[in-house]
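Asks: Counting in this note's numbering, the sequence shown runs from 237 upward without gaps.
Heads up, the beta-carbon is just placed ideally off N, CA and C, and yes, glycines get one too.
This structure is a prediction, so every number in the text was calculated from the model and none was measured.
Got a structure here, written out as structure tokens. Questions coming.
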Amino acid sequence: MNVGDMLSAYRQGSGPQGRTYVLLDEVQVSKGWELWLKVDYEQKKNVAFVVSGSSSYLVRGELATTLTGRTMTFPVHPLSFREFLSFRDVRLNEEVGSDRRDIAIHQMEAYLELGGFPEVVRAGLSTSAAILDRYYDAILYRDIVLPHGVDPRKLESLAGHLLAGIGSPHTLRSLSRATGLSVETVKTYLGHMEEAHLVRRVDQLSYKTKPKAKERLGAKWYCVDTGLRNAVVLRHSPDTGALVENVVHAELVRRRAWVHYWADRHEVDFVVGMSIHPMTPVNVSYGDAVPDRELEGLEEFRSYSRTRVEDPLLLTKDSWEKVGGLQKLPVWRWLLGEGPSLEGDSIGPWW
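Written out as structure tokens, the structure is:
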């Protein structure tokens, strides 16, 4: 029985009055469902469909063509830091001074470890690993291996390498050397992982336009959720800085910002904005002291950029000051809406 048969049986058996709401989750696993939905929609019955899934296939490719002009798309992200606090019933606005700061930093570090999947946040550390392992397997096997017929061992090898090195630049060739996969296989598997919302790509800001030239620059990759990444990566040393950078990127995506990174003698973690508009360089430094290279990278970018540059932003663990044109701000404060919002516009990337 397909979706159409089930809806027909429901109408015959229940005789619903008024509008019928049909909720379809992970519907991409049912072949041809979009064609049936298009036919049912065009019959102008009093019905509304809410379709959800974990793959970008829902809004791209053949599906986008089939249902053009008939859909509204709403991305659903893991919990933001503000939502994370709400789920844990933490009210920072009721605290003052150092108490507020200490609680915020403690919760921030819990957020880095657990991530933002609601079921995981509710469950806490005791059962989070088992839940996240289940999510990871579902993404790899249900959303990638089964629909695309890829080799699961090769996919796991590439995914594991990528997640272990979040925030580090990789070229296709460097990933090929590290995993033993061909460059074409790496390129294909990366596309599948992006489509399944396991990882997100950040390209280097460059004024070169040829695809091969851009490809040689390499891209940085982030996981959609730090908790998911932590559950599958064996960590031999603290990697808090990389996790904070991942969280900042996730928030920029949530705010629909246009994001690149920049590298020359020094690096800027994120350059926010489009080249035709003023851009904001952002570095993330979560140690107790801010290394000189973080400041030097921001200043170097300001002198390099061909467009107007907004005041640089340095997101820190606890420093909060403005010196000249540089603003230092605790990352938890920025996540809660203080400082430059760096929000994109209505046509910004939605995932």
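Cutting at 7 Å between CB atoms, please list the residues of its own chain near S582, excluding the five before and the five after it.
Replies: Residue confidence is low: S582 scores 47 on pLDDT, short of 50, so the model does not pin down where it sits. No coordinate-derived value is stated.
Asks: Could you have a look at W556 and say whether DSSP puts it in helix, strand or coil?
Replies: Looking at W556 - three-state DSSP - the assignment turns out to be coil, as it is neither helix nor strand.
Asks: Keeping to the same chain, check which residues put their C-beta closer than 7 Å to that of V386; ignore five residues upstream and five downstream.
Replies: I380, Y425, H428.
Asks: Of the choices D524, A525, F323, whose alpha-carbon is the least far from that of E355?
Replies: For the residues D524, A525, F323, the minimum Cα distance to E355 belongs to F323.
Asks: Ordered along the chain, which non-local residues of its own chain (more than five positions away) have a Cβ less than 7 Å from that of A400?
Replies: Only V469 meet the Cβ criterion.
Asks: Put M515 into one of helix, strand or coil per three-state DSSP.
Replies: Strand, per DSSP.
Asks: According to DSSP, simplified to helix, strand and coil, what is D373?
Replies: Three-state result, D373: helix.
Asks: Note down the Cα distance separating W416 from H502, rounded to an integer number of angstroms.
Replies: The amino acid at residue 416 is misidentified as Trp; the sequence shows Gly. Those two C-alpha atoms are separated by around 30 Å.
Asks: From which residue to which residue does the alpha helix (DSSP H) around A467 run?
Replies: Here the alpha helix (DSSP H) through A467 covers 462-468.
Asks: To the nearest angstrom, report how far apart V422 and L394 are at their CA atoms.
Replies: About 8 Å.
Asks: Exposed or buried, what is D505 when buried is set at 16 or more other beta-carbons lying within 10 Å of its beta-carbon?
Replies: It counts as buried.
Asks: Rounded to whole angstroms, what's the CA-CA distance from R409 to R318? Just pull it up for me.
Replies: Whole-angstrom Cα-Cα distance: 39 Å.
Asks: Indicate whether P514 and E546 have their beta-carbon atoms separated by less than 7 Å.
Replies: Contact: yes.
Asks: Who are the Cβ neighbours of S541 in its own chain at under 7 Å, not counting the five residues just before and after it?
Replies: So the list reads M515, once near-sequence residues are dropped.
Asks: Quick check: the region 522-535 against the region 545-564, are there 3 or more CB pairs under 8 Å?
Replies: Touching, per the Cβ criterion.
Asks: Grouping DSSP H, G and I as helix and E and B as strand, with all else coil, what is I583?
Replies: Reliability of the predicted coordinates at I583 is poor, the pLDDT of 48 falling under 50, and no value is obtained from them.
Asks: For the candidate residues L464, G396, T543, whose alpha-carbon lies nearest to that of A366?
Replies: Ranking L464, G396, T543 by Cα distance to A366 puts L464 first.
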